[in-house]
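Just so you know, the sequences run in chain order C and P. Going by this note's numbering, the letters in the first sequence line up with residues 1 to 331, in that order. Going by this note's numbering, the letters in the second sequence line up with residues 332 to 481, in that order. Backbone N, C-alpha and C fix where the C-beta goes; we use that ideal spot for every residue, glycine too.
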Amino acid sequence: MNDLILAIRQEASRILRESIVKTVIGFDAGTLPLKAQPTFITSQTEVEKLVLNGFCQNNLAVYLTLRPKGEPLGIICRGCESRAIRALIIEQQYSRDKLYLIGVPCTGILDWRKIEALAGENVVAASEEGDQVIISTASGAPAPDASLAGNCEHRFQRSQMLHDSCARCLHPNPIAVDILLGEPVPEGNPVPVPHLPHEFEAKSPIERFAYFARESERCIRCYACREACPMCYCTQCFVDHTTPRWAESTVSPAGVQSWHIMRAFHQTGRCVSCGACERACPMDIKMTYLTEKLNDDMRKLYGFEAGMSEEQPPLATFSLYDRDRFSDKER
Amino acid sequence: MKERFTCQRGSPRIVLFQCQYCLYSDADQKWVDTQLTKHIKLIKTPCTGRISPLFVLNAIQAGADGVVICGCMPEKCHFKEGNLGARRQLDEFVRLLVYLGMEPERVHFSWIDLTERGRIQQELEDFENTIAGLGPAKQLVTRSNASITL
Chain C
1 MNDLILAIRQ
11 EASRILRESI
21 VKTVIGFDAG
31 TLPLKAQPTF
41 ITSQTEVEKL
51 VLNGFCQNNL
61 AVYLTLRPKG
71 EPLGIICRGC
81 ESRAIRALII
91 EQQYSRDKLY
101 LIGVPCTGIL
111 DWRKIEALAG
121 ENVVAASEEG
131 DQVIISTASG
141 APAPDASLAG
151 NCEHRFQRSQ
161 MLHDSCARCL
171 HPNPIAVDIL
181 LGEPVPEGNP
191 VPVPHLPHEF
201 EAKSPIERFA
211 YFARESERCI
221 RCYACREACP
231 MCYCTQCFVD
241 HTTPRWAEST
251 VSPAGVQSWH
261 IMRAFHQTGR
271 CVSCGACERA
281 CPMDIKMTYL
291 TEKLNDDMRK
301 LYGFEAGMSE
311 EQPPLATFSL
321 YDRDRFSDKE
331 R
Chain P
332 MKERFTCQRG
342 SPRIVLFQCQ
352 YCLYSDADQK
362 WVDTQLTKHI
372 KLIKTPCTGR
382 ISPLFVLNAI
392 QAGADGVVIC
402 GCMPEKCHFK
412 EGNLGARRQL
422 DEFVRLLVYL
432 GMEPERVHFS
442 WIDLTERGRI
452 QQELEDFENT
462 IAGLGPAKQL
472 VTRSNASITL
């Protein structure tokens, strides 16, 4: 048991004992390896359930808009969660003084798909040790990597197993929290990765559209991405409108493309790049190349990053001095 | 947007989103209301601020080869600042469509000023020529019932 988890439990226990909050939202180990699950702690006796590791896939800020308004809430938040919470507070979705944020520096979320692919079969147990991930498989069946074959216990480098969004993460340390547990980790890209929008833009328009069409056509319209996203909280989503029906709600190409385009566009300047949408997707559809592009534009045009300042998101406001595409003919 | 264009397939199909206040001269407005060729579909909105990115996407998905958005100059909006909000949003939306492989020329914006009588005719003619040069849209045209809209 590491010191960080003990500190989290102590702090959760303290704020419950002193009635600062009624509920603490965190993660418990869950029942499946590689997948910790969100948990709601309401009494001191339950704090022993709390864990925090690289298998905590969800963004806990999503519960902010689902809980009863005004309930005093404690949330264990990593970098992306703290940014999402701040962005939600700016959008008036919760009041800051009702929240008690327990900040934890994040070392990145592990991608269970990458781990399962390398393990070659079902994983029965998983744990972390320093910068290594230890995986146990049932039979030690031959893994794609020949050196691992026949071995029931595999060790992987943590940095190799990070989820793509976490490998690109710029702000792993929580901001604007009430208490910061543990040592801050260095800011900036933990793993050098190519800039996603630049990489995508280097392709020809036909290739770009083909990639988009190929990715989106797998969509089964389960809306797991919407449910996992902390910033998707509309009471009626545009795809659920029936009169007029703006987007087809079937899995036709028109329907899925319009869903993916508009979902991403609604996140313009609001997406905190946590990658929860991609981790939630049962069809393993890549989506962050859309939101990353929009975030990149917002950074360049308005110097804005979601959750990093107290300003309104750029598309919620306007200025007379914007780039005037209407008359400049500039692209 | 529910009626069918009677033009033959092959001529560029254009959707014109027009703010109802942007054509200051009655003659121009009357021309747009009555004299538009059949392959240009006019959609009048109360203000450019009403044009949701969804409208633009729907037009393109439904088979429009080009979309023209025209509105009032900044500071001359009937509702004071509706056009400024539209400028930010639609500009960013078109950047996203271009990022996904659409030709940037397919969506054209024009601010019409008080003194620019007859500009709209010229703009539409130029735009038609541009679209004719590009050929029919291929990217993002995915509506199964495309003919309903255009």
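Nonlocal neighbours in the same chain, by C-beta distance under 6 Å from residue i, ignoring five residues either side
| i | result |
| --- | --- |
| V24/C | A12, I41 and G74 |
| A61/C | E81, A84, I85 and P230 |
| C378/P | C350, F410 and G413 |
| R381/P | none |
| K333/P | Low per-residue confidence applies at K333/P: pLDDT is 38, beneath 50, and the placement is therefore not dependable, though the value from the model is reported in the following sentence. Nothing meets the Cβ criterion. |
| K332/C | Lying before the first or after the last residue shown, residue 332/C is absent from chain C, which here runs from 1 to 331. |
| P72/C | V21, K22 and K98 |
| E330/C | Only weak support exists for where E330/C lies, its pLDDT of 45 falling under 50; the coordinates are left without a value. |
| G449/P | none |
| C232/C | R226 |
| R221/C | V251 |
Bridge partner(s) assigned by DSSP for residue i
| i | result |
| --- | --- |
| F440/P | I400/P |
| K411/P | C408/P |
| K375/P | Q349/P |
| S127/C | I134/C |
| I76/C | I102/C |
| V24/C | I41/C and G74/C |
| K35/C | L32/C |
| Q157/C | Q132/C |
| L388/P | Answer by DSSP bridge pairing: none, since L388/P is not bridged. |
| L110/C | L162/C |
| L180/C | G103/C |
| E51/C | It is worth fixing the name first, because residue 51/C is Val in this sequence and not Glu. According to DSSP, which records beta bridges pairwise, V51/C is partnered with F27/C. |
Exposure label - residue i; buried when at least 16 CB within 10 Å
| i | result |
| --- | --- |
| V346/P | buried |
| C271/C | buried |
| M298/C | buried |
| T337/P | Because T337/P carries a pLDDT of 38, less than 50, the predicted location of this residue cannot be relied on, and no value is offered for it. |
| Q420/P | buried |
| T446/P | exposed |
| E495/P | Outside the displayed range of chain P (332 to 481) lies residue 495/P, so it cannot be described from this structure. |
| G466/P | exposed |
| T291/C | buried |
| Q157/C | exposed |
| S441/P | buried |
| N122/C | exposed |
| S204/C | exposed |
| L6/C | exposed |
| D332/C | Past the boundaries of the shown model lies residue 332/C; chain C is included only from 1 to 331, so the question cannot be answered. |
| Y289/C | buried |
| R263/C | buried |
| N389/P | buried |
| M161/C | buried |
Cutoff 7 Å; reference residue i; Cβ partners in own chain excluding five residues on either side
| i | result |
| --- | --- |
| I179/C | E11, I102 and G103 |
| P332/C | The question about residue 332/C has no answer, for chain C in this structure spans 1 to 331. |
| E183/C | P105 |
| E215/C | I285 and K286 |
| N173/C | G79, P105, P184, V185 and E187 |
| S127/C | I134 |
| V482/P | Given that chain P is displayed from residue 332 to residue 481, the structure contains no residue 482/P and the question cannot be resolved. |
Own chain residues within Cβ distance below 8 Å of residue i, not counting five before or after
| i | result |
| --- | --- |
| I8/C | G26, L50, L52, I76, I102, V104 and L181 |
| C152/C | S136, T137, A138, S139 and G140 |
| Q360/P | L354 |
| Q132/C | R155, F156, Q157 and R158 |
Check whether residue i and residue j have beta carbons under 7 Å apart
| i | j | result |
| --- | --- | --- |
| E436/P | T473/P | no |
| R279/C | Q57/C | yes |
| A125/C | S139/C | no |
| R96/C | I90/C | no |
| A254/C | Q470/P | no |
| P384/P | E459/P | no |
| G30/C | I109/C | no |
| L66/C | Y94/C | no |
| H163/C | G275/C | yes |
| T39/C | D28/C | yes |
| V399/P | H439/P | yes |
| L428/P | F318/C | no |
| D296/C | R418/P | no |
| P405/P | L315/C | no |
Which of the residues in the stretch 400-428 of chain P, read from start to end, lie with their CB under 9 Å from any CB of chain C? I400, C401, G402, M404, P405, E406, E412, N414, L415, G416, A417, R418, R419, Q420, L421, D422, E423, F424, V425, R426, L427 and L428
Please list, in chain order, the residues of the stretch 253-272 of chain C that have any C-beta partner in chain P closer than 8 Å. P253, A254, Q257, S258, I261, M262, A264, F265 and T268
Under 9 Å (Cβ pairs) to chain P, residues found in the stretch 178-209 of chain C: P197, F200, E201, K203, S204, P205, I206, E207, R208 and F209
Residues of the stretch 444-474 of chain P in Cβ contact with chain C at a cutoff of 7 Å, in chain order, please. Q470, L471, T473 and R474
Just by C-beta distance, which residues in the stretch 369-394 of chain P are closer than 7 Å to chain C? P384, L385, L388, N389 and Q392
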